[in-house]
Amino acid sequence: MKKVFKFLSVGLIAGIMTGTFAGCGSAGGNTNKIGMVVSTLDNPFFVNLKAGAEDKAKELGYELIVVDSQNDSSKELSNVEDLLQKGVSALIINPVDSDAAKSSVIKANSEEVPVITVDRQANGGEVKTHIASDNIKGGEMAAEYIKEKLGGAGIIAELQGTPGASATRDRGTGFHNIVDADNNLNVVSSQPADFDRQKGLTVTENMIQSNHNIQAIFAHNDEMALGAVKALNSGGLKDCIVVGFDGGEDAINAVDSGELSATIAQQPDLMGGMAVESAKKINEGESVEKEISAELKLYTGK
């Protein structure tokens, strides 16, 4: 039997906050050169984010320099310093850690290079615009889906992302907005697995040793969700509901094959392109919205 393709859409929201900011380029930067600092290129989501930015830069006639922070905040700062030395006119940052990213933003601010953040926020410094999915809403969508699949009651676990990342905080907040308000939903374990597939597997193995009656897991990204699926299959819990977040190719295929229950699908290529478009506007002195939100979809199979 063919599965029914289901999408629950959250409309594209631009300008969550009412204020807009006029852009300004670097005092000595090359207006056709943009720098992009990605938290890690070991994650397919960020590979797609990079690809979307590269495609848009090529379309607009911009040179885009992309560097990988390898999930290391100190390397992120070093990458930012190197890009500033290269004379970029705008800087797109996908932070490793929202608090640690403050140093990178302030460094760019000191050289009058405008900063755009993508997917994860920076907790400090002046950021011209932040581009991301509504992670709180996405967490709520995951919780509502799990609640429905459990028939309104059940035992749940949560695989959290990297501590300190705004995506971890917001996805968790949305998830708990729903589950904490319902006494019939019991979250027995919430543990970080750093958005990593292998860690997702290991943490899930430990979870099910202590709580073998877990009925559903919400993972803050697809990589951890896919690790959880592997651990659950090995542990004899193949019927456990697992929901990921990102909508990457591996996760979509896993949903279609019945291994993964659902994923909250983002559009990283779109976000990457939106970041480059925003950089162009800032370079040309145009206004940009303080926050721009990209569409989310609940994917449960084709």
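Following the working numbering, the numbering of the sequence shown begins with 35 at its first residue and continues without gaps.
Glycine included, each C-beta is placed from N, C-alpha and C at the ideal position.
Keep in mind the model is a prediction, meaning the values are calculated, not measured.
Practice item. Work out the CA separation of Leu271 and Ala56 for me, nearest whole Å. Key: Model confidence at Ala56 stands at a pLDDT of 37, short of 50, so the residue's coordinates are unreliable; what they give is reported in the following sentence. Their backbone Cα atoms lie some 53 Å apart in a straight line.
Practice item. Could I get the ranges of all uninterrupted alpha helix (DSSP H) runs contained in the region 118–187, with 4 residues as the minimum, in chain order? Key: 135–144, 169–183
Check your understanding: So is His254 buried or exposed if we call it buried at 16+ other beta carbons inside 10 Å?
Key -> Classification for His254: buried.
Review point. Of the residues Ser200, Asp216, Gly121, Gly206, which one's Cα is nearest the Cα of Thr151?
Key: Ser200
Exercise for review: Might you give, ordered along the chain, the residues of its own chain that have their beta carbon closer than 7 Å to the beta carbon of Pro78, omitting 5 neighbours on each side?
Suggested key: Result list for Pro78: Gly282, Glu283, Asp284, in chain order.
Check your understanding: Near Asn169, which residues of its chain fall below 6 Å by C-beta distance, leaving aside the five closest residues on each side in sequence?
Key -> Ala201, Asp204, Arg205
Check your understanding: If you draw a straight line from the C-alpha of Asn143 to the C-alpha of Gln225, how long is it?
Key -> 35 Å
Review point. Are the CB atoms of Ala156 and Pro129 nearer to each other than 8 Å?
Key: yes
Practice item. Report the partner residues of Ile190 according to the DSSP bridge assignment. Key: Val221, Ala250
Point to revise | DSSP state of Glu320 mapped onto helix, strand, coil | key: coil
Practice item. Measure the alpha-carbon distance for Ile189 versus Gln301 and round it to whole angstroms. Key: 30 Å
Exercise for review: Return the CA-CA distance between Asp256 and Ala262, expressed in angstroms with no decimal places.
Suggested key: 10 Å
Review point. Quick one: what's Asp303 bridged to in DSSP?
Key: In DSSP, Asp303 forms no bridge with anything.
Exercise for review: Could you please give me the residues that DSSP links to Val114 through a beta bridge?
Suggested key: Partner(s): none; Val114 has no beta bridge.
**Study point:** Beta-bridge pairing of Ile298 - partner residues as DSSP gives them
**Key:** Phe279, Leu332
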